[in-house]
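Asks: For what it's worth, our numbering labels the leading residue of the sequence shown as 273, then goes sequentially. We put the CB at the ideal spot given by N, CA and C, even for glycine. Keep in mind it's a predicted model, so treat the numbers as computed, not measured.
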Amino acid sequence: MFFSVVIPTYNRLPILTKCLDALEKQTWDGTYEVVVVDDGSTDGTVPFLQTNPARFPHLRLIEQNHGGPAVARNLGVREAKGDTVVFIDSDLVVTEVFLAAHHQALTQAGSDRVFTYGRVVNTANFEQPTQESYKITDFSAAYFATGNVAIQRKWLLEAGLFDEGFTLYGWEDLELGVRLKKLGLKLIKCPQAVGYHWHPAFRLQQLPRLIQVEYERGRMGVRFYRKHPTWQVKMMIQMTPLHQTLWGALSLGGLLNEKTLAPVLQFLVDQGRPQLALELARIFLNWYNVQGVYAAFREQQS
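1) In terms of residues, what are the limits of the beta strand (DSSP E) holding Y304?
2) Applying the 10 Å Cβ sphere with the 16-neighbour rule, what's the burial state of W503?
3) Considering only residues of the same chain and omitting the five flanking positions on each side of E632, which have a CB-CB separation below 7 Å?
4) Identify every residue that forms a DSSP beta bridge with N394.
5) Using only alpha-carbon positions, find the residue among W559, V565 and F539 that is nearest to R475.
6) Is it a yes or a no for the segment 453-466 touching the segment 474-494, going by three-plus beta-carbon pairs under 8 Å?
7) Among the residues of its own chain, which have a CB less than 7 Å from the CB of T314, if the five just before and after it don't count?
8) To the nearest angstrom, how far is the alpha carbon of P329 from that of L440?
9) Within 10 angstroms of the Cβ of S383, are there 16 or more other Cβ atoms? Answer buried if so, exposed if not.
10) What three-state label does DSSP hand Y566 in the structure shown?
11) From what residue to what residue does the beta strand (DSSP E) around R545 run?
12) Given that a residue counts as buried once 16 or more other Cβ atoms are within 10 Å of its Cβ, and exposed if not, what is I408?
13) Terminal residues of the continuous alpha helix (DSSP H) containing E317?
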């Protein structure tokens with residue numbers, strides 16, 4: 273088995289460096305490459321990687337103009353030399369047995385029509401990300417998500433790769449998952465393949481970007497539904513009266529928002545509870561998501 277670890281990146285050099293250092297410490301003695309697709313970074317990512325070949329001997333750097341993660345992952349898959357692709361994000365720091373765990377799970381499956389999904393642990397600890405404990409909020413029921421997944425390259429090509437029409441945030445990996453499921457691929461959980469997903473601790477200054485992300489996710493969700501108009505996808509993207517009612521009621525029709533809840537959120541941050549503040553903020557963030565869904569749906573209906 274030859275692993276090609278495909279990593280799209282855009283302006284994440286500090287955490288990308290940790291990501292790549294971890295991949296150079298793998299205990300697995302098989303063949304692997306690390307394919308970093310730089311998506312037009314402006315933070316010095318490319319010159320840094322080009323001038324440190326000894327530090328990253330498994331690295332293959334590919335450059336593209338800024339086109340988004342779907343375009344970058346597709347380029348990485350096309351350029352991959354391995355028979356098996358491992359997708360991770362550039363802010364994920366893996367353990368030393370990461371590739372060995374994926375390899376063991378794939379070889380023990382008894383079929384090649386499978387893919388493995390590793391565990392992702394969210395953390396705000398930049399210095400020691402792997403010290404974070406697994407939390408109930410880290411659980412994911414996703415069938416196919418690119419944060420930590422290993423799959424034979426041939427199935428990606430047969431399914432048609434990622435839809436590059438997902439130009440905003442969200443859903444391109446789950447949409448590909450629907451097509452992979454139609455090919456009869458089976459998901460195998462691989463909790464031993466752990467990746468620690470770093471993101472900075474929540475601050476109020478992040479809210480404009482978080483709101484934008486939720487609105488974009490809503491709009492891309494409608495593209496997902498147009499391709500696969502099923503009740504399951506409707507539930508996933510929150511395009512149901514239930515979600516409208518739920519998040520509308522919890523946010524009091526939008527009265528509980530980034531402005532009215534700002535004092536409470538700042539208090540929680542000041543008390544050292546940024547994660548709790550973020551969970552509270554999800555009340556209105558989900559409301560923005562639902563608004564994005566229905567705005568995009570109305571536009572496409574007109």
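Replies: Quick look at the numbers:
1) T303 to D310 is the span of the beta strand (DSSP E), which, as asked, contains Y304.
2) Exposed is the call here.
3) The first residue shown for the chain is 273 and the last is 574, placing residue 632 beyond what the model contains.
4) N394 is bridged to H469.
5) Closest option to R475, judged by alpha-carbon separation, among W559, V565 and F539: F539.
6) The way I'd put it, the segment 453-466 doesn't touch the segment 474-494; fewer than three beta-carbon pairs between them come closer than 8 Å.
7) Contacts found: N283.
8) The C-alpha of L440 is placed about 33 Å away from the C-alpha of P329.
9) S383 comes out exposed.
10) In this structure, Y566 counts as helix in the three-state DSSP scheme.
11) Segment: none, R545 is in no beta strand (DSSP E) and carries neither H nor E.
12) I408 is classed as exposed because its beta carbon has fewer than 16 other beta carbons within 10 Å across all chains shown.
13) Sequence check: residue 317 is Thr here, not Glu. Its alpha helix (DSSP H) spans residues T317 to Q322.
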